[in-house]
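Participant: Sharing a structure below in structure tokens format, with a few things to ask.
Number of protein chains: 2
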Amino acid sequence: MRIIVEVMPKEGILDPQGKAVQQALHQLGYGEVREVRVGRRIELEVDAGDPAEAVRSAEQMADTLLANENIERYQVHAVEETV
Amino acid sequence: MRIIVEVMPKEGILDPQGKAVQQALHQLGYGEVREVRVGRRIELEVDAGDPAEAVRSAEQMADTLLANENIERYQVHAVEETV
Numbered sequence: 001m002r003i004i005v006e007v008m009p010k011e012g013i014l015d016p017q018g019k020a021v022q023q024a025l026h027q028l029g030y031g032e033v034r035e036v037r038v039g040r041r042i043e044l045e046v047d048a049g050d051p052a053e054a055v056r057s058a059e060q061m062a063d064t065l066l067a068n069e070n071i072e073r074y075q076v077h078a079v080e081e082t083v
Numbered sequence: 101m102r103i104i105v106e107v108m109p110k111e112g113i114l115d116p117q118g119k120a121v122q123q124a125l126h127q128l129g130y131g132e133v134r135e136v137r138v139g140r141r142i143e144l145e146v147d148a149g150d151p152a153e154a155v156r157s158a159e160q161m162a163d164t165l166l167a168n169e170n171i172e173r174y175q176v177h178a179v180e181e182t183v
């Protein structure tokens, strides 16, 4: 089963990587880009029978290891397809 | 308008960060995790009227700057909500 954990910088937390990407996009002529936030997309392939249980388990992994709750928020969901 | 660009390592490309996360999850007792891939989730706030046009523009940004096509694949979509 594939579980996706999306981790993003919290609102109000400085995101220097996003700021650097925004500046680079402006230099390339994409002036319409008002803000950029850069986070992580983590794909987990897990042996699990129940999607809801797998999501709960992945939320524990996020709390423990995958995200820094002081500066990041995360969202977990099970998917069929891949990016 | 919010555009999401998801960038992941291509299949067959070594993902050392994902491997490190997997090993750490195993040490924490999550033996059910068979594989981990770590990529980037990039949120763009853009001034645009047409979602399809904004997506096309973001695909150009991905080709030019946001993704490395040699080792990464990406997917772009417009969204209403945030993570």
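Sequences listed follow chains A and B, in order. Each residue of the first sequence is one higher than the last, beginning at 1 in our numbering. Each residue of the second sequence is one higher than the last, beginning at 101 in our numbering. Here a beta-carbon is modelled for each residue, glycine too, at the ideal position from N, C-alpha and C. Treat the numbers as computed from the prediction; the structure is a model and nothing was measured.
#1: Inspect the beta-carbon positions of A167 (chain B) and V121 (chain B) and report whether they are closer than 8 Å.
#2: Can you find a C-beta in chain B that's less than 8 Å from the C-beta of A48 (chain A)?
#3: What is the residue span of the beta strand (DSSP E) that L144 (chain B) lies within?
#4: For Y174 (chain B), which residues does DSSP report across the bridge?
#5: List, in order along the chain, the chain A residues whose C-beta lies closer than 9 Å to that of R134 (chain B)?
#6: Cα separation between D50 (chain A) and Q60 (chain A)?
#7: Name the two residues that bound the continuous alpha helix (DSSP H) containing G118 (chain B).
#8: Decide if V146 (chain B) is buried, meaning its Cβ has at least 16 other Cβ atoms within 10 Å, or exposed.
#9: By how many angstroms is the C-alpha of L14 (chain A) removed from the C-alpha of R2 (chain A)?
#10: What residues of chain A sit near L128 (chain B), judged by a beta carbon separation below 7 Å?
#11: Kindly list the residues whose CB is nearer than 6 Å to the CB of Q175 (chain B), restricted to its own chain and excluding five residues on each side of it in sequence; keep chain order.
#12: Measuring alpha carbon to alpha carbon, tell me which residue in A:R73, A:E43, A:E11 is nearest E80 (chain A).
#13: The alpha helix (DSSP H) spanning M61 (chain A) covers which residue range?
#14: For G112 (chain B) and chain A, any beta-carbon pair shorter than 8 Å?
#15: Excluding five sequence neighbours on each side, which residues of the same chain lie with their C-beta closer than 6 Å to the C-beta of A48 (chain A)?
#16: Among the residues of its own chain, which have a CB less than 7 Å from the CB of K110 (chain B), if the five just before and after it don't count?
#17: Please return the same chain residues whose Cβ sits closer than 8 Å to the Cβ of A162 (chain B), not counting the five positions on each side in sequence.
Facilitator: Let's see:
#1: What you label residue 167 (chain B) is simply residue 67 of the second sequence in a count that begins at 1. What you label residue 121 (chain B) is simply residue 21 of the second sequence in a count that begins at 1. Against a cut-off of 8 Å, the Cβ pair of V121 (chain B) and A167 (chain B) comes out as no contact.
#2: In the first sequence, counting from the first residue as 1, residue 48 (chain A) sits at position 48. Closer than 8 Å: yes.
#3: Counting from 1 along the second sequence, the entry for residue 144 (chain B) is found at position 44. Where L144 (chain B) is concerned, the enclosing beta strand (DSSP E) stretches over 133-146.
#4: Residue numbering aside, residue 174 (chain B) sits at position 74 when the second sequence is read from its first letter. Under DSSP, Y174 (chain B) takes part in a beta bridge, and its partners are B:V107.
#5: Position 34 of the second sequence, counted from the start, is the residue given in the question as residue 134 (chain B). The answer, in chain order, is L44, E45, V46, D47.
#6: As a first step, residue 50 (chain A) must be located in the first sequence, where it is residue number 50. As a first step, residue 60 (chain A) must be located in the first sequence, where it is residue number 60. So the alpha carbons of these two residues sit roughly 16 Å apart.
#7: Looking up residue 118 (chain B) in the second sequence gives position 18. That run of the alpha helix (DSSP H) goes 116-127.
#8: For the purposes of this step, residue 146 (chain B) is taken as the residue at position 46 of the second sequence. Counting C-beta atoms within 10 angstroms of its own C-beta, V146 (chain B) has 16 or more neighbours from the protein chains shown and is therefore classed as buried.
#9: Here the question's residue 2 (chain A) lines up with position 2 in the first sequence. Here the question's residue 14 (chain A) lines up with position 14 in the first sequence. Put simply, the backbone Cα of R2 (chain A) is about 31 Å away from that of L14 (chain A).
#10: Within the second sequence, residue 128 (chain B) is the residue found at index 28, counting from 1. Within chain A, T64, L65 have C-beta atoms less than 7 Å from the C-beta of L128 (chain B), given in sequence order.
#11: Here residue 175 (chain B) refers to the residue found at position 75 when the second sequence is read from its first residue. E106, listed in sequence order.
#12: Locating residue 80 (chain A) in the first sequence gives position 80, counting from the first residue. Ranking A:R73, A:E43, A:E11 by Cα distance to E80 (chain A) puts A:E43 first.
#13: Residue mapping note: residue 61 (chain A) aligns to position 61 of the first sequence, counting from 1. Taken as a continuous stretch (DSSP letters only), the alpha helix (DSSP H) holding M61 (chain A) covers 51-61.
#14: Walking along the second sequence from the start, residue 112 (chain B) turns up at place 12. Chain A, which has no Cβ nearer than 8 Å to the Cβ of G112 (chain B), makes this no.
#15: Sequence index remark: in the first sequence, residue 48 (chain A) carries index 48 (1-based). Closer than 6 Å at the Cβ level, and outside the excluded window around A48 (chain A), lie M1, A54.
#16: The residue you call residue 110 (chain B) lines up with position 10 of the second sequence. Counting only residues of its own chain and dropping the five nearest sequence neighbours on each side, K110 (chain B) has a CB closer than 7 Å to the CB of I171, E172, R173.
#17: For the purposes of this step, residue 162 (chain B) is taken as the residue at position 62 of the second sequence. Answer for A162 (chain B): V105, V107, Y174, V176, listed in chain order.
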